[in-house]
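Novice: Have a look at this one.
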Amino acid sequence: MKIRSVDAYQIFDSRGTPTVECVITGEPGLTGVGRVPSGASTGQYEALELRDDDPLRFGGQSVSTAIGHINGEIAAAIMGNDVRNQEAIDLRLIELDGSQNKSRLGANALLAVSLAVADAAGKASGRALYEHLGKGQGSLLPLPEIQIIGGGAHAHWRVDIQDFLLVVMNAASYEESLKVTYDIYRKAGDLLMQQGRAAGVADEGGYWPLFETNHAVLDFLVDAIGAAGYAAGRDCMISLDFAASDLYDGEYYKFRSPDRRFTRDEFIDLVVDWCHRYPIISVEDPLADSDWTGWTRLSDRLGDRVQIVGDDLFTTNPQRIRKGLEINAANAVLIKPNQIGTVTETIAAIELTKQHGWLPIVSARSGETEDTFIAHLAVATNAGQIKVGSFARGERMAKWNELIRIGRALGNRAQFEGGRIYERILRR
Ligand code: PGA
Ligand code: ZN
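Under the working numbering, think of the first position of the sequence shown as 9, with each following residue one higher.
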């Protein structure tokens, strides 16, 4: 299917912030759509999200420059190309941009086009998107990491840790893991109400709680899991995203709740101590994205019993993942298409991670749209894990629901490993 027209325009993400949508049209009636998400706790090494910076329009957040690049330069460069040549088109986009971090045309411009090409190619091939992307090899439904409580930059720093997530360890199916999540998310909400600690929901749909310390939230989560009728440490584990680049001032790690600062080694001690005291299976960005030494030290101490995930550290960038592999900085990589800017590079990051025995986790952003590409990506690549925020709000549920549909389409080809996925990296 040859590209006949490219149309980009501004839509809004789940925070109501402008973002880019792109429609690519080929043979009559066939279109592909791409919509770009956006982070709040972004890593300094991410590909650049181009915004207009005009204070009089959407507080500087409008994206008309990126859209202009798609409708002008990019459309001219890819017109007539066959959408099934994803790699060639993505390479063309990268060359056209010409910068190190996609800052000339904008990673949001490139990704909108790259996603729309993938979607159109799926339709042109007459297959579901996950089948097209995975060349028919994708069959593993991912283990969900689901946010129960939000903090950090997503909840005005009410607590320091950004995500308190639930991992259902021994569900027999993807759908059963959602059932357990439902029970615990609801129970946690009821308990917060009873305790007068509910202040609404944070950016990704997790509760925005009124707690004085981070470890009080951990105690609360363990209680909520038990109150819902599950055993913390056996049925369910906790996963934390520290988003520690936001806690680091270049010298010290700082908590606001309570006010305390830590040296790198003190902060590593704290992470290790929490992992001993609480049923924690995974820690994401437990250290800052510039603190490679700290990452290796933590991995030496915890890497065989806890999943250690680099998000801001790696920014889905194969170069940074390679460095992490060399110095044993982690054992898992968060995968966010908009951190790197094209579908081809995103898949390359997943493959590189898997080749070296680490685990990829396909992830949404805190600013999301109704787009379900990442659900298809997770299955297509047999990534094994997915992180989409909480169990509420349309932009989150769109992904959880799409995975239900993909599971039904796979029928008895569908696989689900649940918490056994961790046996690939951990000895517990
Ligand atoms: P972000 O948060 O999308 O605001 O960066 C998600 C995450 O840190 O995993
Ligand atoms: Zn993160």
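In this text, a Cβ means the ideal position worked out from N, Cα and C, and glycines have one as well. Small disclaimer: the values here were computed from a predicted structure and weren't measured.
Using alpha carbons as the reference points, say which of Gly234, Ile246, Leu385 lies closest to Leu123.
Specialist: Of the candidates Gly234, Ile246, Leu385, the one whose C-alpha sits nearest the C-alpha of Leu123 is Leu385.
Novice: When the Cα of Arg194 is compared with those of Pro294, Ile157, Asp171, Arg309, which residue comes out closest?
Specialist: Among Pro294, Ile157, Asp171, Arg309, the Cα nearest to that of Arg194 belongs to Ile157.
Novice: Measure the Cβ-Cβ separation of Asp319 and Gly51 and say whether it is below 8 Å.
Specialist: Yes, they are a contact pair.
Novice: Give the straight-line distance between the Cα atoms of Gly88 and Ile382, rounded to the nearest whole angstrom.
Specialist: C-alpha separation (whole angstroms): 27 Å.
Novice: If you draw a straight line from the C-alpha of Gly234 to the C-alpha of Ile246, how long is it?
Specialist: Going by the C-alpha atoms only, they are around 13 Å apart.
Novice: Ordered along the chain, which non-local residues of its own chain (more than five positions away) have a Cβ less than 8 Å from that of Arg313?
Specialist: So the list reads Cys283, Leu434, Arg435, Arg436, once near-sequence residues are dropped.
Novice: Along the chain, where does the alpha helix (DSSP H) containing Gln94 start, and where does it finish?
Specialist: It spans 94–105 - the alpha helix (DSSP H) in which Gln94 sits, taken as one unbroken run.
Novice: Determine whether the beta carbon atoms of Ile355 and Val341 lie at a separation below 8 Å.
Specialist: Going by C-beta atoms, Ile355 is not nearer than 8 Å to Val341.
Novice: Is the beta carbon of Asp98 closer than 8 Å to that of Val351?
Specialist: Yes, these two residues count as a Cβ contact at 8 Å.
Novice: Classify Pro368 as buried or exposed, calling it buried when 16 or more other Cβ atoms lie within 10 Å of its own Cβ.
Specialist: Flag for Pro368 reads buried.
Novice: Does the beta carbon of Glu425 fall short of 7 Å from some heavy atom of the ligand ZN?
Specialist: No, the beta carbon of Glu425 sits no closer than 7 Å to any heavy atom of the ligand ZN.
Novice: Taking 8 Å as the threshold (C-beta atoms), are Val230 and Pro287 in contact?
Specialist: Taking 8 Å as the Cβ cut-off, Pro287 and Val230 qualify as a contacting pair.
Novice: Go through its chain and collect everything with a Cβ distance to Asp243's Cβ below 8 Å, but skip five positions before and after it.
Specialist: Cβ neighbours of Asp243 beyond the five flanking positions: Val176, Met177, Asn178, Val188, Ile233.
Novice: Among the residues of its own chain, which have a CB less than 6 Å from the CB of Gln145, if the five just before and after it don't count?
Specialist: If we look at Gln145 and ignore the five residues flanking it on each side, it has no Cβ neighbours.
Novice: Return the chain-ordered ranges of every alpha helix (DSSP H) run that is complete within the segment 359–397 and spans a minimum of 4 residues.
Specialist: Listed in chain order, they are 381–388.
Novice: Hey, quick one: how far does the alpha helix (DSSP H) through Glu183 stretch, first residue to last?
Specialist: Note, Glu183: alpha helix (DSSP H), 182–202.
Novice: Drop a sphere of 10 angstroms on the beta-carbon of Arg428, count the other beta-carbons inside from all chains shown, and report buried for 16 or more, exposed for fewer.
Specialist: By the 10 Å Cβ count, Arg428 comes out exposed.
Novice: By DSSP's criteria, Gly148 is part of a beta bridge. Which residues make up the other side?
Specialist: The amino acid at residue 148 is misidentified as Gly; the sequence shows Leu. Paired residues: Gln423.
Novice: Taking the alpha-carbon positions, what's the Asp61 to Gln69 distance?
Specialist: Whole-angstrom Cα-Cα distance: 6 Å.
Novice: Answer yes or no: does any C-beta atom of chain C fall closer than 8 Å to that of Ala224?
Specialist: No chain C appears in the structure shown, which is made up of a single protein chain.
Novice: If I'm right that Ala136 touches Val91 with Cβ under 8 Å, what's the distance once you round it to whole angstroms?
Specialist: The Cβ separation is near 16 Å, so there is no contact.
Novice: Taking 7 Å as the cut-off, is the beta-carbon of Gly311 closer than that to any non-hydrogen atom of the ligand PGA?
Specialist: The answer is no for Gly311.
Novice: Kindly provide the ranges of any alpha helix (DSSP H) runs that are 4 or more residues long and lie completely inside the segment 228–314, ordered along the chain.
Specialist: Entirely contained in the segment 228–314, the alpha helix (DSSP H) runs reaching 4 residues are, in chain order, 272–285, 300–310.
Novice: Which partner residues does Gly158 have in the DSSP bridge list?
Specialist: Bridge partners of Gly158: Asp171.
Novice: Determine the direct distance from the alpha carbon of Gln393 to that of Leu411, and round the result to whole angstroms.
Specialist: Distance between the alpha carbons of Leu411 and Gln393: 12 Å.
Novice: Here's a check: name, in chain order, each residue in its chain whose Cβ is nearer than 8 Å to the Cβ of Gly106, leaving out the five neighbours to either side.
Specialist: Same-chain partners within the cutoff: Arg112.
Novice: Cβ of Asp211 within 7 Å of any heavy atom in the ligand ZN?
Specialist: Not under cutoff, so the answer is no.
Novice: According to DSSP, is Glu35 part of a helix, a strand, or is it coil?
Specialist: If DSSP states are grouped into helix, strand and coil, Glu35 belongs with coil.
Novice: Applying the 10 Å Cβ sphere with the 16-neighbour rule, what's the burial state of Lys143?
Specialist: Classification of Lys143: exposed, given that the 10 Å Cβ count is below 16.
Novice: Go ahead and label Asp267 buried or exposed: buried means 16 or more other beta carbons lie within 10 angstroms of its beta carbon, across all protein chains shown.
Specialist: That one is exposed.
Novice: So within the segment 35–74, which uninterrupted beta strand (DSSP E) runs reach at least 3 residues, ignoring any that extend past its ends?
Specialist: You should have 39–43.
Novice: Starting from Gly402, trace the beta strand (DSSP E) in both directions and tell me its first and last residue.
Specialist: Not the beta strand (DSSP E): Gly402 falls in the alpha helix (DSSP H), residues 402–418.
Novice: Using alpha carbons as the reference points, say which of Ala120, Ile32, Asn109, Thr221 lies closest to Val71.
Specialist: When each option's Cα is compared against that of Val71, the closest is Ala120.
Novice: Let me confirm a value: Ser181 is counted as buried when at least 16 other C-beta atoms fall within 10 Å, else exposed. Which label applies?
Specialist: Exposed is the call here.
Novice: Could you say which of Trp366, Arg12, Gly302, Asn346 lies nearest to Glu57 if we only look at CA atoms?
Specialist: Of the listed residues, the one whose Cα sits closest to Glu57 is Asn346.
Novice: Give the DSSP-derived three-state secondary structure of Glu122 in the structure shown.
Specialist: The sequence given here has Ser at residue 122, not Glu. Ser122 falls in the helix class under three-state DSSP.
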